[in-house]
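Numbering (this note's numbering), first residue to last: 96 to 473. Beta carbons: idealized from backbone N, C-alpha and C, even for Gly. Predicted model only: the values in this text are computed from it and were never measured. Read the structure below first, then the notes.
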(Lines of atoms letter the chains of each structure in order from A and count residues from 1; the text may use other names and numbers.)
(Lines give C-alpha, C1' and ligand atoms only; values in the text may rest on other atoms or scores of the structure.)
Protein backbone atom coordinates (compact mmCIF):
# COMPACT_ATOMS: atom_id res chain seq x y z
CA UNK A 1 0.00 0.00 0.00
CA UNK A 2 1.32 3.44 -0.85
CA UNK A 3 0.62 5.88 1.96
CA UNK A 4 2.93 8.60 0.69
CA UNK A 5 1.68 8.95 -2.90
CA UNK A 6 -0.25 12.06 -3.84
CA UNK A 7 -2.26 10.77 -6.82
CA UNK A 8 -3.54 7.23 -6.38
CA UNK A 9 -5.97 5.81 -3.85
CA UNK A 10 -4.79 3.08 -1.51
CA UNK A 11 -5.79 -0.55 -1.20
CA UNK A 12 -5.05 -1.49 2.41
CA UNK A 13 -4.67 -5.14 3.41
CA UNK A 14 -2.41 -7.30 5.57
CA UNK A 15 -1.26 -10.93 5.72
CA UNK A 16 0.23 -12.48 8.86
CA UNK A 17 3.17 -14.43 7.44
CA UNK A 18 4.65 -15.52 10.79
CA UNK A 19 1.42 -16.32 12.62
CA UNK A 20 2.63 -14.64 15.83
CA UNK A 21 1.44 -11.05 15.34
CA UNK A 22 -1.60 -9.95 17.34
CA UNK A 23 -1.75 -6.47 15.82
CA UNK A 24 -0.09 -4.74 12.85
CA UNK A 25 -0.19 -1.07 11.91
CA UNK A 26 -0.33 0.30 8.37
CA UNK A 27 1.70 2.31 7.60
CA UNK A 28 4.41 0.89 9.83
CA UNK A 29 6.48 4.07 9.90
CA UNK A 30 4.24 6.47 11.78
CA UNK A 31 0.90 7.61 10.38
CA UNK A 32 -0.09 8.18 6.76
CA UNK A 33 -2.14 10.35 4.47
CA UNK A 34 -4.84 7.79 3.78
CA UNK A 35 -7.11 9.37 1.18
CA UNK A 36 -10.84 9.69 0.84
CA UNK A 37 -12.13 6.56 -0.91
CA UNK A 38 -9.28 4.22 0.11
CA UNK A 39 -10.28 0.54 0.04
CA UNK A 40 -9.81 -1.55 3.18
CA UNK A 41 -9.73 -5.35 2.73
CA UNK A 42 -10.31 -7.40 5.91
CA UNK A 43 -10.06 -11.22 6.03
CA UNK A 44 -12.32 -13.58 8.01
CA UNK A 45 -9.75 -14.05 10.77
CA UNK A 46 -9.09 -10.32 11.12
CA UNK A 47 -10.58 -7.07 12.35
CA UNK A 48 -9.41 -3.60 11.37
CA UNK A 49 -9.46 -0.46 13.50
CA UNK A 50 -9.36 2.88 11.65
CA UNK A 51 -7.63 5.78 13.43
CA UNK A 52 -8.14 9.30 12.09
CA UNK A 53 -6.56 12.42 13.59
CA UNK A 54 -5.34 10.46 16.59
CA UNK A 55 -8.61 8.77 17.59
CA UNK A 56 -10.21 5.39 16.89
CA UNK A 57 -13.11 6.04 14.51
CA UNK A 58 -14.48 2.56 13.86
CA UNK A 59 -13.75 -1.16 13.77
CA UNK A 60 -14.40 -3.23 10.65
CA UNK A 61 -15.11 -6.93 10.22
CA UNK A 62 -14.45 -9.17 7.23
CA UNK A 63 -15.11 -7.65 3.80
CA UNK A 64 -14.21 -4.63 1.67
CA UNK A 65 -14.76 -1.20 3.20
CA UNK A 66 -14.41 2.37 1.89
CA UNK A 67 -12.59 4.80 4.18
CA UNK A 68 -13.60 8.44 4.44
CA UNK A 69 -11.01 11.11 5.24
CA UNK A 70 -10.44 14.74 4.21
CA UNK A 71 -7.30 13.84 2.24
CA UNK A 72 -8.05 14.43 -1.45
CA UNK A 73 -5.46 13.28 -4.03
CA UNK A 74 -3.27 16.13 -5.40
CA UNK A 75 -5.40 18.80 -3.68
CA UNK A 76 -4.25 17.71 -0.23
CA UNK A 77 -0.60 18.07 -1.23
CA UNK A 78 -1.20 21.61 -2.44
CA UNK A 79 -3.04 22.58 0.77
CA UNK A 80 -0.32 21.00 2.96
CA UNK A 81 2.43 23.36 1.71
CA UNK A 82 2.46 25.32 5.05
CA UNK A 83 3.27 22.02 6.84
CA UNK A 84 6.17 21.07 4.60
CA UNK A 85 4.04 19.11 2.12
CA UNK A 86 2.84 16.86 4.94
CA UNK A 87 -0.89 16.75 5.51
CA UNK A 88 -1.92 17.28 9.17
CA UNK A 89 -4.92 14.97 8.60
CA UNK A 90 -3.12 11.82 9.71
CA UNK A 91 -4.66 8.37 9.58
CA UNK A 92 -3.62 4.76 10.15
CA UNK A 93 -5.18 1.33 10.23
CA UNK A 94 -4.48 -1.38 12.81
CA UNK A 95 -5.13 -4.93 11.69
CA UNK A 96 -5.95 -7.24 14.61
CA UNK A 97 -5.54 -11.01 14.42
CA UNK A 98 -8.78 -12.52 15.76
CA UNK A 99 -7.73 -16.18 15.63
CA UNK A 100 -7.03 -18.29 18.71
CA UNK A 101 -3.39 -18.25 19.82
CA UNK A 102 -2.83 -21.68 21.44
CA UNK A 103 -0.19 -23.14 23.76
CA UNK A 104 1.06 -19.91 25.31
CA UNK A 105 3.31 -21.03 28.14
CA UNK A 106 3.02 -19.69 31.67
CA UNK A 107 4.98 -20.57 34.77
CA UNK A 108 6.70 -19.36 37.91
CA UNK A 109 10.12 -17.85 37.31
CA UNK A 110 10.69 -17.96 41.06
CA UNK A 111 8.87 -20.30 43.48
CA UNK A 112 5.73 -18.77 45.02
CA UNK A 113 5.07 -19.02 48.74
CA UNK A 114 2.21 -21.21 50.01
CA UNK A 115 1.26 -21.65 53.66
CA UNK A 116 0.44 -25.33 54.12
CA UNK A 117 -1.70 -26.24 57.14
CA UNK A 118 0.45 -29.33 57.84
CA UNK A 119 3.85 -28.53 56.33
CA UNK A 120 4.13 -24.81 57.03
CA UNK A 121 5.59 -22.40 54.46
CA UNK A 122 6.29 -24.23 51.18
CA UNK A 123 7.79 -22.90 47.94
CA UNK A 124 5.89 -24.08 44.87
CA UNK A 125 6.57 -24.01 41.16
CA UNK A 126 3.76 -24.31 38.62
CA UNK A 127 3.70 -24.61 34.83
CA UNK A 128 1.04 -24.79 32.14
CA UNK A 129 -0.36 -23.36 28.91
CA UNK A 130 -3.28 -21.16 27.92
CA UNK A 131 -5.16 -20.30 24.72
CA UNK A 132 -6.19 -16.68 24.13
CA UNK A 133 -7.91 -14.63 21.46
CA UNK A 134 -8.74 -10.96 20.96
CA UNK A 135 -12.45 -10.19 21.48
CA UNK A 136 -12.41 -6.36 21.61
CA UNK A 137 -9.90 -5.03 19.04
CA UNK A 138 -10.18 -1.31 19.89
CA UNK A 139 -9.82 -1.89 23.63
CA UNK A 140 -6.87 -4.22 22.98
CA UNK A 141 -5.00 -1.60 20.94
CA UNK A 142 -5.75 1.27 23.32
CA UNK A 143 -4.77 -0.67 26.45
CA UNK A 144 -1.82 -2.83 25.34
CA UNK A 145 -0.56 -2.04 21.84
CA UNK A 146 -0.45 1.75 22.04
CA UNK A 147 1.47 3.18 19.09
CA UNK A 148 3.66 0.15 18.35
CA UNK A 149 3.88 -0.77 14.68
CA UNK A 150 3.70 -4.48 15.47
CA UNK A 151 2.55 -6.37 18.57
CA UNK A 152 3.51 -10.05 18.84
CA UNK A 153 3.15 -12.89 21.33
CA UNK A 154 6.62 -12.12 22.74
CA UNK A 155 5.36 -8.70 23.83
CA UNK A 156 2.62 -10.20 26.02
CA UNK A 157 3.80 -13.65 27.14
CA UNK A 158 5.65 -12.45 30.26
CA UNK A 159 2.77 -10.25 31.35
CA UNK A 160 0.21 -13.02 30.84
CA UNK A 161 2.38 -15.39 32.85
CA UNK A 162 2.62 -12.87 35.68
CA UNK A 163 -1.17 -12.49 35.81
CA UNK A 164 -1.76 -16.27 35.80
CA UNK A 165 0.81 -16.91 38.54
CA UNK A 166 -0.67 -14.16 40.72
CA UNK A 167 -4.21 -15.56 40.36
CA UNK A 168 -2.90 -19.09 40.87
CA UNK A 169 -1.25 -18.07 44.14
CA UNK A 170 -4.43 -16.35 45.37
CA UNK A 171 -6.54 -19.37 44.41
CA UNK A 172 -4.33 -21.84 46.27
CA UNK A 173 -4.33 -19.62 49.35
CA UNK A 174 -8.13 -19.65 49.48
CA UNK A 175 -9.01 -23.16 48.25
CA UNK A 176 -6.19 -25.51 49.30
CA UNK A 177 -5.30 -26.23 52.91
CA UNK A 178 -2.51 -28.77 52.36
CA UNK A 179 -0.54 -30.22 49.46
CA UNK A 180 -1.63 -33.71 50.54
CA UNK A 181 -5.01 -32.87 48.93
CA UNK A 182 -3.44 -31.66 45.66
CA UNK A 183 -3.31 -34.87 43.52
CA UNK A 184 -6.27 -35.26 41.20
CA UNK A 185 -7.41 -31.63 41.42
CA UNK A 186 -5.61 -30.14 38.42
CA UNK A 187 -8.73 -30.12 36.21
CA UNK A 188 -10.81 -28.51 38.96
CA UNK A 189 -8.16 -25.86 39.59
CA UNK A 190 -7.83 -25.14 35.84
CA UNK A 191 -11.59 -24.61 35.45
CA UNK A 192 -11.76 -22.26 38.44
CA UNK A 193 -8.70 -20.29 37.31
CA UNK A 194 -10.28 -19.81 33.88
CA UNK A 195 -13.22 -18.03 35.49
CA UNK A 196 -10.94 -15.76 37.52
CA UNK A 197 -8.68 -14.89 34.59
CA UNK A 198 -11.45 -14.17 32.08
CA UNK A 199 -12.50 -11.11 34.06
CA UNK A 200 -8.92 -9.80 34.27
CA UNK A 201 -8.14 -10.37 30.59
CA UNK A 202 -11.41 -8.80 29.45
CA UNK A 203 -10.09 -5.44 30.65
CA UNK A 204 -7.54 -5.63 27.84
CA UNK A 205 -9.98 -6.88 25.19
CA UNK A 206 -8.69 -10.46 25.47
CA UNK A 207 -10.66 -13.67 25.86
CA UNK A 208 -9.42 -16.89 27.46
CA UNK A 209 -10.35 -20.02 25.50
CA UNK A 210 -8.66 -22.61 27.72
CA UNK A 211 -6.13 -22.86 30.55
CA UNK A 212 -4.14 -25.95 31.47
CA UNK A 213 -2.07 -26.72 34.57
CA UNK A 214 0.66 -29.17 33.57
CA UNK A 215 2.49 -29.44 36.88
CA UNK A 216 2.61 -28.09 40.42
CA UNK A 217 5.94 -29.09 41.91
CA UNK A 218 6.79 -28.69 45.60
CA UNK A 219 10.37 -29.07 46.94
CA UNK A 220 11.86 -32.63 46.93
CA UNK A 221 11.38 -33.12 50.68
CA UNK A 222 7.69 -32.24 50.38
CA UNK A 223 7.30 -34.60 47.43
CA UNK A 224 8.76 -37.39 49.57
CA UNK A 225 6.25 -36.64 52.35
CA UNK A 226 3.37 -36.85 49.84
CA UNK A 227 4.69 -40.18 48.50
CA UNK A 228 4.91 -41.57 52.02
CA UNK A 229 1.32 -40.59 52.74
CA UNK A 230 0.20 -42.24 49.48
CA UNK A 231 1.83 -45.50 50.59
CA UNK A 232 -0.07 -45.36 53.86
CA UNK A 233 -3.34 -44.91 51.95
CA UNK A 234 -2.57 -48.06 49.96
CA UNK A 235 -2.38 -50.06 53.19
CA UNK A 236 -5.61 -48.44 54.35
CA UNK A 237 -7.33 -49.51 51.12
CA UNK A 238 -6.07 -53.06 51.60
CA UNK A 239 -7.70 -53.09 55.03
CA UNK A 240 -11.00 -51.98 53.47
CA UNK A 241 -10.68 -54.73 50.86
CA UNK A 242 -10.28 -57.28 53.64
CA UNK A 243 -13.41 -55.94 55.34
CA UNK A 244 -15.41 -56.26 52.13
CA UNK A 245 -14.30 -59.87 51.57
CA UNK A 246 -15.23 -60.72 55.15
CA UNK A 247 -18.66 -59.17 54.61
CA UNK A 248 -19.18 -61.21 51.44
CA UNK A 249 -18.23 -64.39 53.29
CA UNK A 250 -20.72 -63.55 56.04
CA UNK A 251 -23.41 -62.95 53.42
CA UNK A 252 -22.76 -66.36 51.88
CA UNK A 253 -23.02 -67.99 55.33
CA UNK A 254 -26.31 -66.16 55.96
CA UNK A 255 -27.85 -67.95 52.97
CA UNK A 256 -27.70 -71.28 54.85
CA UNK A 257 -31.09 -72.73 55.90
CA UNK A 258 -30.06 -73.31 59.52
CA UNK A 259 -31.12 -71.15 62.44
CA UNK A 260 -27.63 -69.76 62.81
CA UNK A 261 -27.62 -68.81 59.14
CA UNK A 262 -31.06 -67.22 59.46
CA UNK A 263 -30.00 -65.10 62.42
CA UNK A 264 -26.78 -64.14 60.72
CA UNK A 265 -28.69 -63.14 57.57
CA UNK A 266 -31.00 -60.90 59.60
CA UNK A 267 -28.01 -59.21 61.22
CA UNK A 268 -26.32 -58.73 57.87
CA UNK A 269 -29.49 -57.11 56.54
CA UNK A 270 -29.06 -54.31 59.08
CA UNK A 271 -25.26 -54.08 58.74
CA UNK A 272 -24.94 -54.18 54.96
CA UNK A 273 -25.96 -50.54 54.18
CA UNK A 274 -23.63 -49.17 56.87
CA UNK A 275 -20.65 -51.27 55.71
CA UNK A 276 -20.87 -50.01 52.14
CA UNK A 277 -21.90 -46.39 52.71
CA UNK A 278 -18.32 -45.12 52.18
CA UNK A 279 -18.02 -47.09 48.95
CA UNK A 280 -21.18 -45.51 47.51
CA UNK A 281 -20.13 -42.02 48.60
CA UNK A 282 -16.70 -42.36 46.98
CA UNK A 283 -18.28 -43.61 43.78
CA UNK A 284 -20.60 -40.59 43.61
CA UNK A 285 -17.67 -38.23 44.14
CA UNK A 286 -15.68 -39.86 41.34
CA UNK A 287 -18.58 -39.55 38.87
CA UNK A 288 -18.68 -35.74 39.09
CA UNK A 289 -17.50 -34.12 35.82
CA UNK A 290 -16.81 -30.56 34.71
CA UNK A 291 -19.10 -29.52 31.84
CA UNK A 292 -17.51 -26.98 29.55
CA UNK A 293 -19.94 -24.27 28.54
CA UNK A 294 -19.70 -22.88 25.08
CA UNK A 295 -18.56 -19.28 25.05
CA UNK A 296 -21.31 -16.86 24.06
CA UNK A 297 -21.11 -13.15 23.40
CA UNK A 298 -22.92 -11.22 26.12
CA UNK A 299 -23.57 -7.55 26.77
CA UNK A 300 -20.95 -6.20 29.23
CA UNK A 301 -23.62 -4.03 30.89
CA UNK A 302 -26.73 -6.24 31.27
CA UNK A 303 -25.13 -9.67 30.56
CA UNK A 304 -27.85 -10.65 28.08
CA UNK A 305 -26.86 -12.90 25.12
CA UNK A 306 -26.50 -10.93 21.90
CA UNK A 307 -25.63 -11.70 18.23
CA UNK A 308 -21.91 -11.72 17.38
CA UNK A 309 -22.22 -8.84 14.88
CA UNK A 310 -24.06 -6.50 17.28
CA UNK A 311 -22.85 -2.91 17.58
CA UNK A 312 -25.36 -2.11 20.35
CA UNK A 313 -27.15 -4.34 22.86
CA UNK A 314 -30.77 -4.99 21.71
CA UNK A 315 -31.86 -5.13 25.38
CA UNK A 316 -30.28 -2.08 27.04
CA UNK A 317 -28.70 -0.15 24.13
CA UNK A 318 -25.15 -0.46 25.53
CA UNK A 319 -22.36 0.06 22.98
CA UNK A 320 -20.71 -3.32 22.32
CA UNK A 321 -17.59 -1.95 20.62
CA UNK A 322 -15.42 -1.26 23.67
CA UNK A 323 -12.93 1.57 23.31
CA UNK A 324 -11.91 1.96 26.97
CA UNK A 325 -13.04 0.48 30.27
CA UNK A 326 -13.08 1.75 33.83
CA UNK A 327 -10.28 0.07 35.78
CA UNK A 328 -12.44 0.01 38.90
CA UNK A 329 -15.86 -1.32 37.76
CA UNK A 330 -15.32 -2.29 34.10
CA UNK A 331 -17.85 0.20 32.66
CA UNK A 332 -17.48 0.96 28.94
CA UNK A 333 -16.14 4.51 28.52
CA UNK A 334 -16.38 6.97 25.66
CA UNK A 335 -13.13 8.16 24.00
CA UNK A 336 -13.29 11.58 25.71
CA UNK A 337 -14.45 10.47 29.18
CA UNK A 338 -12.39 11.76 32.13
CA UNK A 339 -14.43 10.04 34.85
CA UNK A 340 -16.41 6.81 34.95
CA UNK A 341 -20.17 7.56 34.72
CA UNK A 342 -20.94 4.58 36.98
CA UNK A 343 -18.45 4.83 39.88
CA UNK A 344 -16.74 8.21 39.32
CA UNK A 345 -13.19 6.80 39.15
CA UNK A 346 -10.76 9.06 37.21
CA UNK A 347 -9.98 7.49 33.83
CA UNK A 348 -6.27 8.30 33.91
CA UNK A 349 -5.76 7.00 37.44
CA UNK A 350 -3.30 4.10 37.45
CA UNK A 351 -3.80 1.11 39.74
CA UNK A 352 -1.03 0.93 42.33
CA UNK A 353 0.90 -2.23 43.08
CA UNK A 354 0.19 -3.90 46.41
CA UNK A 355 3.25 -3.90 48.66
CA UNK A 356 3.39 -6.74 51.17
CA UNK A 357 3.66 -5.32 54.73
CA UNK A 358 5.62 -8.39 55.80
CA UNK A 359 8.40 -8.65 53.19
CA UNK A 360 7.94 -5.52 51.03
CA UNK A 361 7.41 -7.48 47.78
CA UNK A 362 5.50 -5.64 45.01
CA UNK A 363 2.45 -7.62 43.88
CA UNK A 364 -0.17 -6.98 41.19
CA UNK A 365 -2.88 -4.45 42.21
CA UNK A 366 -5.61 -7.09 42.74
CA UNK A 367 -3.42 -9.72 44.46
CA UNK A 368 -4.83 -11.27 47.64
CA UNK A 369 -1.73 -13.18 48.79
CA UNK A 370 1.93 -12.19 48.56
CA UNK A 371 3.85 -14.18 45.91
CA UNK A 372 7.03 -13.89 47.96
CA UNK A 373 6.07 -14.87 51.53
CA UNK A 374 2.45 -16.07 51.22
CA UNK A 375 1.02 -13.51 53.67
CA UNK A 376 -2.54 -12.36 53.04
CA UNK A 377 -2.66 -8.81 51.70
CA UNK A 378 -5.10 -6.19 52.95
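In this structure, residue 277 keeps its C-beta atom at 8 Å or more from the C-beta atom of residue 293. Membership of residue 116 in the beta strand (DSSP E) is indicated by the continuous run 116 to 121.
Shown here, residue 295 sits in a helix according to DSSP, grouped into three states.
For residue 272, same chain residues with a beta-carbon under 7 Å away, outside a window of 5 residues either side, are 212 in chain order.
Taking 8 Å as the cut-off, the Cβ atoms of residue 309 and residue 224 count as close. Taking 8 Å as the upper bound for CB-CB distance, residue 202 and residue 469 are not in contact here, some 18 Å apart.
Under DSSP, residue 109 takes part in no beta bridge, so it has no partner. Sorting 251, 447, 417, 230 by C-alpha distance to the C-alpha of residue 200 places 251 at the top. When secondary structure is reduced to three states using DSSP, residue 260 falls in the helix class. For the pair residue 189 and residue 120, the CB atoms are nearer than the 8 Å cut-off. Take residue 473, set aside five residues on each side of it, and the residues of its chain with a beta-carbon closer than 8 Å to its own are 452, in chain order. Distance from the CA atom of residue 289 to the CA atom of residue 248, rounded to whole angstroms, is 20 Å. Taking each of 396, 129, 301, 158 in turn and checking the Cα distance to residue 255, the smallest one comes out for 301. Taking residue 457 as the centre and dropping the five residues before and after it, the same chain places the C-beta of 448, 450 closer than 7 Å to its C-beta, in chain order. Judged by beta-carbon spacing, residue 108 lies beyond the 8 Å limit of residue 245, meaning their Cβ atoms are not closer than that value. Residue 236 sits away from residue 295, with the two beta carbons spaced by 8 Å or more. If you check the CB distance, residue 307 and residue 291 do not come in under 8 Å. In this structure residue 187 is buried. Its beta-carbon is surrounded by 16 or more other beta-carbon atoms within 10 angstroms.
Rounded to whole angstroms, residue 192 and residue 283 show a C-alpha spacing of 31 Å. When the five nearest sequence neighbours on each side are left out, the beta carbons in the same chain lying within less than 7 Å of the beta carbon of residue 197 are those of 226, in order along the chain. In this structure, the CA atom of residue 219 is about 30 Å from the CA atom of residue 195. In this structure, 275 is the residue among 416, 286, 460, 275 with its C-alpha nearest to the C-alpha of residue 312. Note: residue 141 is bridge-paired with 192 in the DSSP secondary-structure output.
As computed with DSSP, residue 305 is found in a beta bridge with 226. Beta-bridge annotation (DSSP): residue 161 is paired with 134.
A straight line joining the alpha-carbon of residue 398 with that of residue 416 spans about 15 Å. The C-alpha of residue 426 is placed about 18 Å away from the C-alpha of residue 400. In this structure, residue 207 lies away from residue 151, with their beta-carbon atoms at least 8 Å apart. No residue range can be given for residue 240, since it is assigned to no alpha helix (DSSP H) and is classified by DSSP as neither H nor E. Counting every other CB atom within 10 Å of its CB across the protein chains shown gives residue 155 a total of 16 or more, marking it as buried. When secondary structure is reduced to three states using DSSP, residue 289 falls in the helix class. For residue 316, the three-state secondary structure derived from DSSP is helix. Taken atom to atom, the span from the alpha-carbon of residue 438 to that of residue 396 is near 14 Å.
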